[in-house]
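Residue numbers (mature numbering (1 follows the signal peptide of the UniProt record, and there is no 0)): -24 to -1, 1 to 404. One structure is given here, and the rest of the page talks about it.
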Ligand SMILES: [Ca+2]
C-alpha cells in the first residue's frame, strides 16, 4: 500500500475526483482518519494555478500525497527588495542574532563569536569559546540569547564537540561579559550532548530556539552515513531528532517520552535527517526546515512524539540516484512533510516575518537557501503552503533573521562572508 496509495491519489487528482471522494489520508498516528476535501492536488506539472517558483525538472516522478505539498504557485505580485551589505569579512559565519541594543552577534564555523556594531564594524573574537571540531559540516553552529538576556546576559551555543572516538552536537550556555571593548564567555557550562558520539563530519544540525514557555528546542542531524541514518527512527538514540530541554539541559516532565524507559526523555520529535533551520510562528509553534537527500528537502511543524519519516519515507533519492526505502514517500506511523522541494533548495534557516516593512510577507516564513542561493518565502494557510516566492541573492545563504526595523538580514556562506540587509524597494 505504501507505494500504490500515492499513485492512486495522483490518479484521483488527475481525474478531478478529489472533491467528491474525500478519501482518507494517513494521519500522525498512522491510521486513516483525516479527510482531504475540496482541493485538487498540485502535482509537479499541474496547470491553471499560476506559475511555480521552481522551474527545474524534479529528480523523481514521485507525486505529492497532499495538495500544494510541493511546487506551490508563485504569488500574483512579486515583492521588490533592495539589498545592501551591512557587514563584510566574516569567515564562514553560521548564525546571527540581534543583541537588545541593535548590535549583531555572529558565530563563525571555525569556532569564533564576534559582535558587530550597528555601523557594521566586526569586533575581535569573543574569548572563552569551547574547542569545536570544524571539519566538514562541523564547527561552531547556532547561538541563541536567553529570553531574559538583558538581565542575565546568558547565551546558548551549539557546536560539533570533539569527543573521545569522534564528535557530536553539544549545547552549552555561558554569560557574555563585555568590558573595555573586549568580550568573553564566562562560566561556560555544557548542558546537553547529542549521543551517541560518532566519528564523522556531516549532519550536526543545528538550531536553538526558545519556546514561549522558556524551554529550548535543539535540532540535530543523523550523521549522514548509512550506518547511522536509521537511528533517526530509534528513540534510544539521539541522532535525527528535535529535542526540548530546560535551560539546565534536563528533559521537561511534559515532554512526549518523559518517563519512558525506551526513549530518550529529551526527544520532542524524530525521523529527521539534518535540521538546520527552526523558528516559532506567530502562535508560538515550532517549524523546521531540514536538508533532504537529492530532491527531498522538507518543511515540517514538529509536534510532540511524532515521527517525520526519515529514512523510511522520503520524496528524495540517494545522491547516486538510487531509491531510498524502495521509493516509499509515505510510511505508516509517520507524518508527511508540510512541504518539500525537488530539486533541493538546501534550507539553512527559517524565520517568521511579523513586521511591517514588507506587508506582503507579514505572517509568512522566510527560508534561507544554500543551493538556491537566495531566500524562499512561503505563505501558508493552516498547514498548507499557498504560495512560494523566490528572492535570488546569488549567494549561498547560511542564516536569516528579521530585524526590529522590519528589514530582513541574510548571512552569506563562506570566506569573506557578508550580512545582507533587505529592505523594501524605494518607491514601491
Ligand atoms: Ca520527513
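Yeah, the Cβ is synthetic: ideal placement off N, Cα and C, and Gly gets one too.
| Item | Value |
| --- | --- |
| Under the three-state DSSP convention, the category residue 128 falls into | helix |
| Range covered by the alpha helix (DSSP H) that runs through residue 426 | The requested residue 426 does not occur in the structure, where the chain is confined to residues -24 to 404. |
| Check: residue 286 C-beta below 7 Å from any heavy atom of ligand 1 | yes |
| Rounded Cβ spacing between residue 196 and residue 181 (contact assumed at less than 8 Å) | 4 Å |
| Contacts around residue 200, its chain only, beta-carbon distance under 6 Å, and the 5 residues preceding and following it disregarded | 178, 179 |
| Nearest to residue 147 (by Cα), restricted to the options 355, 107, 389 | 107 |
| Residue 208 beta carbon less than 8 Å from that of residue 286 | yes |
| Sheet register partners of residue 317 (DSSP bridge) | 273 |
| Through-space distance from residue 158 to residue 284, alpha-carbon basis | 44 Å |
| For residue 362 and residue 28, the rounded distance between their alpha carbons | 11 Å |
| Chain-order list of residues whose beta-carbon lies under 6 Å from that of residue 33 (same chain, five-residue window excluded) | none |
| As assigned by DSSP and simplified to three states, the class of residue 208 | helix |
| For residue 327 and residue 342, believed in contact at Cβ under 8 Å, the rounded distance | 5 Å |
| Buried or exposed (CB count within 10 angstroms, at least 16 for buried), residue 94 | exposed |
| Sequence-distant residues of its chain with Cβ nearer than 8 Å to residue 234 (five each side left out) | 227, 228, 241 |
| Distance between residue 50 and residue 219 (C-alpha atoms, nearest Å) | 34 Å |
| Local conformation of residue 302 per DSSP, three classes | helix |
| Three-state class that DSSP yields for residue 227 in the structure shown | coil |
| Segment limits, beta strand (DSSP E) that includes residue 123 | No beta strand (DSSP E) contains residue 123, which DSSP labels as neither H nor E. |
| Cβ pair count under 8 Å reaching 3, the stretch 51 to 58 against the stretch 67 to 77 | no |
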